[in-house]
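Below is one structure; the comments refer to it alone.
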Amino acid sequence: MKKLLVTTTIIVLLAGSGLLYLFFNMDSLARRVIETAGTRAMGTEVTVADVDLDITNGNARLTDFRVANPEGFSDQDMMRFDALDVDIDLGSIGSEVIRINSVTSTSPYVLYELQGTTANLDVVRERLVSGRPADTEPPPEPAREQAFSVGEIAIEEIRGRLESNLLPAAVDVDLGTITLRDMEGTPTDIAIQIARPLLTQLSRNASAALATAAPGLLQDELTERAEELGDRLRDALNR
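Using the numbering used here, read the sequence shown as starting at 796 and increasing by one per residue.
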């Protein structure tokens, strides 16, 4: 009876302070913060299917994290992460700066799409560098946002797809591994600190891969067309 009374008292106190709502809605609240901060930083829609927070063990998993292509490109995803695993420093919970030890992802997907000489990754990156506002209207700033620090972000075995209206076919390539370290600020600050170097390195890797793949693709296209022309000439001579 005494244990039941204590439990009931705690629930009443949590409900009265609004913490009960926070406790039972942490996953959805975290997803909303990530989507809002990401969209505001990137200037293109960022969505997360699910956030699974395990505060007891100090970890979280973001499932199906997607970044949409910017306006003027195809309606495909520019980036897609099947899962992002987050390791949280439990000792920092409730402090002014919540520390995230690491964020890791394996085999994410990146689309490097060219319209003429303009690349989707560069459009978003230039917006971040120039500080131009996002296309979407940001919500009002809260009086005080929670600050975070991130020790390391490791994105491994990045799968890339190169598409261009100047190439005969799309190319699947390996874009390598990218590691970022030591970021701190509000969720939007963190999103920008991640996106700038990430997009810069991805653009460099994709450009190098495209430069290597393009001559072979064009040669294959020319060879195929030459073979078709040869077949037509033989057919004409045999008539």
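Think of the CB as a built atom: it goes at the ideal place given N, C-alpha and C, for glycine as much as any other residue.
Check: Please confirm whether Gly838 and Ala986 have their CB atoms less than 8 angstroms apart.; Outcome: no
Check: Under three-state DSSP, which class holds Phe818?; Outcome: Because Phe818 carries a pLDDT of 44, less than 50, the predicted location of this residue cannot be relied on, and no value is offered for it.
Check: Is Arg939 helix, strand or coil by DSSP?; Outcome: coil
Check: I want to know whether the segment 879-889 touches the segment 906-915 - three or more CB-CB distances under 8 angstroms.; Outcome: no
Check: Quick check on the burial criterion: 16 or more other C-beta atoms within 10 angstroms. Buried or exposed for Val892?; Outcome: exposed
Check: Using a Cβ-Cβ cutoff of less than 8 angstroms, which residues in the same chain neighbour Asp930 once the five nearest sequence positions on both sides are dropped?; Outcome: The pLDDT assigned to Asp930 is 47, lower than 50, so where the model puts this residue is not dependable, and the model offers no usable value.
Check: Just mark Asp917 as buried or exposed, buried being the case when its beta carbon has 16 or more other beta carbons within 10 Å.; Outcome: buried
Check: Ignore the nearest five residues each way along the sequence and tell me which others in Glu979's own chain have a CB closer than 6 angstroms to its CB.; Outcome: Ser944
Check: How far does the beta strand (DSSP E) with Asn854 in it reach, from first residue to last?; Outcome: Asn854 to Ala863
Check: Which of the three DSSP states, helix, strand or coil, is assigned to Gly889?; Outcome: coil
Check: Between Asp884 and Glu940, what straight-line distance do the alpha-carbon atoms span, to the nearest angstrom?; Outcome: 19 angstroms
Check: From Val846 to Phe860, what does the alpha carbon distance come to, in whole angstroms?; Outcome: 10 angstroms
Check: Per DSSP, Val945 forms a beta bridge with which residues?; Outcome: Ile895 and Met978
Check: In this structure, does DSSP put Ser902 in helix, strand or coil?; Outcome: coil
Check: On the three-state DSSP scale, how would you describe Ala844?; Outcome: strand
Check: Kindly give me the distance between the Cβ atoms of Pro992 and Leu975, rounded to whole angstroms, as I take these residues to be in contact under 8 angstroms.; Outcome: 6 angstroms
Check: Quick one: grab the DSSP three-state call for Val966.; Outcome: strand
Check: Assign Val862 to one of two classes, buried (16 or more other C-beta atoms within 10 Å of its C-beta) or exposed (fewer than that).; Outcome: buried
Check: Taking Cβ positions, are Ser897 and Ile950 nearer each other than 8 angstroms?; Outcome: no
Check: Assuming Leu848 and Met821 are in contact, meaning their beta carbons sit under 8 angstroms apart, how far apart are those beta carbons, in whole angstroms?; Outcome: 5 angstroms
Check: Looking only at DSSP bridge pairs, what is Glu908 linked to?; Outcome: Glu958
Check: If you count every other CB in all the chains shown that lies within 10 Å of the CB of Leu957, and 16 or more means buried, which is it?; Outcome: buried
Check: Where does Ile950 fall in DSSP's three states?; Outcome: strand
Check: Does DSSP classify Asp880 as helix, strand or coil?; Outcome: strand
Check: Less than 8 angstroms separating the beta-carbons of Val841 and Leu857?; Outcome: no
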